[in-house]
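Peer 1: In order, the protein sequence lines correspond to chains A and B.
Heads up, the first sequence is in the numbering used here, so the first residue is 1 and it goes up one at a time.
Heads up, the second sequence is in the numbering used here, so the first residue is 1001 and it goes up one at a time.
Take a look at the following structure, please.
Protein chains: 2
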Amino acid sequence: MSLAERPSPVAVRRAARREQILAAAEAIVAADGVEGLTMRRLADEVGMQAPSLYKHLRDKEEVLVALQESALQSMGEALAGAEPDLGSLAAAYRSWALDHPALYEVGTGLALRRNALTPGLESWAAEPLVAVVGGDEHRARAVWAAAHGLVDLELHDRFPPDADLDAAWAAMVDAFK
Amino acid sequence: MSLAERPSPVAVRRAARREQILAAAEAIVAADGVEGLTMRRLADEVGMQAPSLYKHLRDKEEVLVALQESALQSMGEALAGAEPDLGSLAAAYRSWALDHPALYEVGTGLALRRNALTPGLESWAAEPLVAVVGGDEHRARAVWAAAHGLVDLELHDRFPPDADLDAAWAAMVDAFK
DNA sequence: TGGTAATGGCTAACGATGTTCGCTAAAGTA
DNA sequence: TACTTTAGCGAACATCGTTAGCCATTACCA
């Protein structure tokens, strides 16, 4: 850190305000889902008027992209903390998603804005999975997709109410073992 | 069909109007995606004003549910027409989805309104898949989810641009073979 | 230290959205 | 023919994301 690069106090405050807004956005989404996230509601939560948000953010999409990044980050940590076998990873994936259903939706339901995302975050999050299938990227994508599909369908209530989802997950893990 | 059950001409016209509206809705979604489907736009397409739509439909959600049903129907037909092996079914699934991306989104992205749906449609559509995995319902759900996950991630641009998705599909099919 | 520029709030407002209301003319029915 | 139902209409409302314009405070610099 050279002197020239030291961030000015004003920049620090600016960044802190932005973080505060994004944290509030995440809280709203966690509490009330994506459809609960409104610019006015968000502004309210941080104690300002909606138009003032635009002094800190370009538009609502920027909020969603930030949430997407946050989701990827948190999910990646959950996967990294799991035992390095397919069953444990699958379980970690599923429980993270069920614990953060709305954030999961934001994280995976929006088209990925690659250039807006921290470079490498994506592959970093997927890394434990790639490792566990022996480095075969195609297989890794198939497993990832299977897990995502199971979660997505479960979250959207697409399985019959009496479906044994534990068994479905087991079947998936078994297939890729 | 007894005499008493024969639908009156007025009921027939009513139903036809409704069908016309839903067909227009499907066309709009196919052309411009779900976000292009607006009540005013829809009304315009069938030559009326937006409020008049509510003489035929309860609300916009009813339109979406109808589209969901239509998607399930069309997709089920595509699957039923495929060769009864996993590779062919997977290919049929994928190409239907890629041919109808927006309809696919409506069909699978919304929470399923089971009670609003034609009973049995769901399991009918899934039938070819269940058959090909030998009747094991858990395995069938895992395969279904894997296919859905692959399509969903592809449609949302979640795979790296240079990813070989044919290979990913092959890996999935191979795993469940 | 005083003057100037940038920052970060505000209110008002716009256009688009889904939807409700009340009216009316036509169609169907007795 | 008289009544009721139907299916359209325009006006309007609340909510949404967002823009414009204004203003006080803050930061910076001669």
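Glycine included, each C-beta is placed from N, C-alpha and C at the ideal position.
Does any residue of chain A bring its CB to less than 8 Å from the CB of B/D1164?
Peer 2: If you number the second sequence from 1, residue 1164 of chain B lands on position 164. It does; some Cβ of chain A falls within 8 Å.
Peer 1: Taking 8 Å as the CB-CB cut-off, is A/H100 touching chain B?
Peer 2: For the purposes of this step, residue 100 of chain A is taken as residue 100 along the first sequence, with counting starting at 1. Not closer than 8 Å to any Cβ of chain B, the Cβ of A/H100 fails to qualify, so no.
Peer 1: Inspect the CB distances between the segment 150-158 of chain A and the segment 1142-1150 of chain B and report whether three or more fall short of 8 Å.
Peer 2: Contact between the segment 150-158 of chain A and the segment 1142-1150 of chain B is present, because at least three Cβ pairs lie under 8 Å.
Peer 1: Suppose you measure from the CA of B/G1109 to the CA of A/F159; what does that come to, to the nearest Å?
Peer 2: By 1-based counting over the second sequence, the position of residue 1109 of chain B is 109. By 1-based counting over the first sequence, the position of residue 159 of chain A is 159. When rounded, the distance between both Cα atoms is 13 Å.
Peer 1: Quick one, are the C-beta atoms of B/E1061 and B/T1118 less than 8 Å apart?
Peer 2: To locate residue 1061 of chain B, count along the second sequence from 1; it is residue 61. To locate residue 1118 of chain B, count along the second sequence from 1; it is residue 118. It is not a contact, given that the beta carbons lie outside the stated cut-off.
Peer 1: With burial defined as no fewer than 16 other Cβ atoms inside 10 Å of the residue's Cβ, what is the status of A/Y104: buried or exposed?
Peer 2: For the purposes of this step, residue 104 of chain A is taken as the residue at position 104 of the first sequence. A/Y104 is buried by the Cβ-count criterion.
Peer 1: Using beta carbons (cut-off 8 Å, strictly below), is A/R17 in contact with chain B?
Peer 2: The residue given as residue 17 of chain A occupies position 17 in the first sequence. Taking Cβ atoms only, chain B never reaches closer than 8 Å to A/R17, which makes this a no.
Peer 1: Using only alpha-carbon positions, find the residue among A/E83, A/D164, A/G120, A/G107 that is nearest to A/V132.
Peer 2: As a first step, residue 132 of chain A must be located in the first sequence, where it is residue number 132. If we check each option's Cα against that of A/V132, A/E83 comes out closest.
Peer 1: Of all the options B/E1035, B/M1075, B/L1079, B/L1042, which has the alpha carbon lying nearest to the alpha carbon of B/L1129?
Peer 2: Translated into the one-based positions of the second sequence, residue 1129 of chain B becomes position 129. The residue with the shortest Cα to Cα distance from B/L1129 is B/L1079.
Peer 1: Quick check: what's the CA-CA separation for B/W1033 versus A/N115?
Peer 2: The count along the second sequence starts at 1 and reaches residue 1033 of chain B at position 33. The count along the first sequence starts at 1 and reaches residue 115 of chain A at position 115. According to the sequence displayed, residue 1033 of chain B carries Gly and not Trp. Approximately 23 Å, taken between the alpha carbons.
Peer 1: When DSSP labels each residue in this structure, what does B/K1060 get in the three-state scheme?
Peer 2: On the second sequence, residue 1060 of chain B is found 60 positions in, with the first residue counted as 1. Helix, per DSSP.
Peer 1: Short of 7 Å in beta carbon distance, which residues of its chain neighbour A/L89, apart from the five on each side in sequence? Order them along the chain.
Peer 2: As a first step, residue 89 of chain A is located in the first sequence; it is residue number 89 there, counting from the start. L79, A82, P128, L129, V132.
Peer 1: Report the three-state DSSP secondary structure of B/D1152 (helix, strand or coil).
Peer 2: Position 152 of the second sequence, counted from the first residue, corresponds to residue 1152 of chain B. DSSP places B/D1152 in helix when its eight states are reduced to three.
Peer 1: Measure the beta-carbon distance from B/G1076 to B/A1125 and round it to whole angstroms, keeping in mind my assumption that it falls under 8 Å.
Peer 2: As a position in the second sequence, residue 1076 of chain B is number 76, starting the count at 1. As a position in the second sequence, residue 1125 of chain B is number 125, starting the count at 1. Indeed, because the Cβ distance is near 3 Å, the residues count as touching under 8 Å.
Peer 1: Check distances from the C-beta atoms of the segment 138-157 of chain A to those of chain B and list, in chain order, the residues that come in under 9 Å.
Peer 2: Against chain B - using a Cβ distance shorter than 9 Å - the residues of the segment 138-157 of chain A are H138, R139, A140, R141, A142, V143, W144, A145, A146, A147, H148, G149, L150, V151, D152, L153, E154, L155, H156, D157.
Peer 1: So what does DSSP say about B/G1107, is it helix, strand or coil?
Peer 2: Sequence index remark: in the second sequence, residue 1107 of chain B carries index 107 (1-based). If DSSP states are grouped into helix, strand and coil, B/G1107 belongs with the helices.
Peer 1: Quick one: what's got a C-beta closer than 7 Å to A/M48's C-beta in the same chain, skipping five residues either side?
Peer 2: Translated into positions along the first sequence, residue 48 of chain A becomes position 48. There are no such residues.
Peer 1: Can you pull the chain B residues whose beta carbon is under 7 Å from the beta carbon of A/L112, in chain order?
Peer 2: Within the first sequence, numbered from 1, the residue matching residue 112 of chain A stands at position 112. Those are H1156, D1157, R1158, listed as they occur along chain B.
Peer 1: Which residues of chain B have a Cβ atom closer than 9 Å to the Cβ of A/A116, listed in chain order?
Peer 2: Position 116 of the first sequence, counted from the start, is the residue given in the question as residue 116 of chain A. The contacting residues do not exist; A/A116 stays about 13 Å from chain B at best.
Peer 1: Taking the alpha-carbon positions, what's the A/E19 to A/R13 distance?
Peer 2: The residue you call residue 19 of chain A lines up with position 19 of the first sequence. The residue you call residue 13 of chain A lines up with position 13 of the first sequence. A/E19 and A/R13: Cα-Cα distance of roughly 10 Å.
Peer 1: Going by C-alpha distance, which of A/S123, A/Y93, A/V173, A/P161 is nearest B/P1161?
Peer 2: By 1-based counting over the second sequence, the position of residue 1161 of chain B is 161. With distances taken between Cα atoms, B/P1161 lies closest to A/S123.
Peer 1: As a quick exercise: from A/A23, A/A16, A/G120, pick the residue whose alpha carbon is nearest that of A/A66.
Peer 2: One-based indexing of the first sequence puts residue 66 of chain A at position 66. Checked all of A/A23, A/A16, A/G120; the closest Cα to A/A66 is A/A23.
Peer 1: I'd like the list of long-range same chain contacts for A/E45, defined as Cβ closer than 6 Å, with 5 residues on each side in sequence excluded.
Peer 2: Translated into positions along the first sequence, residue 45 of chain A becomes position 45. Cβ within range, chain order: A24.
Peer 1: With B/I1028 and B/L1053 assumed to form a contact (beta carbons below 8 Å), what rounded beta-carbon distance in angstroms separates them?
Peer 2: Sequence index remark: in the second sequence, residue 1028 of chain B carries index 28 (1-based). Sequence index remark: in the second sequence, residue 1053 of chain B carries index 53 (1-based). Not really, about 13 Å apart at Cβ, beyond 8 Å.
Peer 1: For A/A71 and chain B, any beta-carbon pair shorter than 8 Å?
Peer 2: Within the first sequence, the letter at position 71 stands for residue 71 of chain A. Judged by the 8 Å Cβ criterion, A/A71 is not in contact with chain B.
Peer 1: Since I believe A/A91 is in contact with B/A1175 (beta carbons under 8 Å), could you give me their beta-carbon distance rounded to a whole number of angstroms?
Peer 2: Taking the second sequence and counting its residues from 1, the one referred to as residue 1175 of chain B is at position 175. Taking the first sequence and counting its residues from 1, the one referred to as residue 91 of chain A is at position 91. Between A/A91 and B/A1175 the Cβ distance is about 18 Å, and since that is not below 8 Å, they are no contact.
Peer 1: Hey, out of B/E1137, B/L1037, B/L1121, whose CA is closest to B/Q1073's CA?
Peer 2: What you label residue 1073 of chain B is simply residue 73 of the second sequence in a count that begins at 1. Selected option, being the one with the closest Cα: B/L1121.
Peer 1: Which runs of the alpha helix (DSSP H) spanning at least 4 residues fall entirely within the segment 1108-1145 of chain B, listed in chain order?
Peer 2: Within the segment 1108-1145 of chain B, the complete alpha helix (DSSP H) runs of at least 4 residues are 1121-1132.
Peer 1: So, is B/A1011 buried or exposed, given that buried needs 16 or more other C-beta atoms within 10 angstroms?
Peer 2: Locating residue 1011 of chain B in the second sequence gives position 11, counting from the first residue. Exposed, by the Cβ-count rule.
Peer 1: Applying a beta-carbon distance threshold of less than 7 Å, which residues of chain A neighbour B/G1134?
Peer 2: Counting from 1 along the second sequence, the entry for residue 1134 of chain B is found at position 134. In chain order: nothing, as chain A lies at least about 12 Å away.
Peer 1: Distance cutoff 8 Å, beta carbons only. Does A/R14 sit that close to anything in chain B?
Peer 2: Numbered from its first residue, the first sequence carries residue 14 of chain A at position 14. Not one chain B Cβ lies under 8 Å of A/R14.
Peer 1: Using 8 Å for Cβ pairs, my map puts B/A1031 next to B/M1039. What's the rounded Cβ distance?
Peer 2: Position 31 of the second sequence, counted from the start, is the residue given in the question as residue 1031 of chain B. Position 39 of the second sequence, counted from the start, is the residue given in the question as residue 1039 of chain B. About 16 Å separates the two Cβ atoms, so there is no contact after all.
Peer 1: Could you say which of A/L57, A/L37, A/R41, A/D136 lies nearest to A/A16 if we only look at CA atoms?
Peer 2: Here residue 16 of chain A refers to the residue found at position 16 when the first sequence is read from its first residue. Among A/L57, A/L37, A/R41, A/D136, the Cα nearest to that of A/A16 is on A/L57.
Peer 1: Under a Cβ-count criterion, where at least 16 other Cβ atoms within 10 Å of its own Cβ denotes burial, should B/L1098 be classed as buried or exposed?
Peer 2: For this step, residue 1098 of chain B is matched to residue 98 along the second sequence. Label assigned to B/L1098: exposed.
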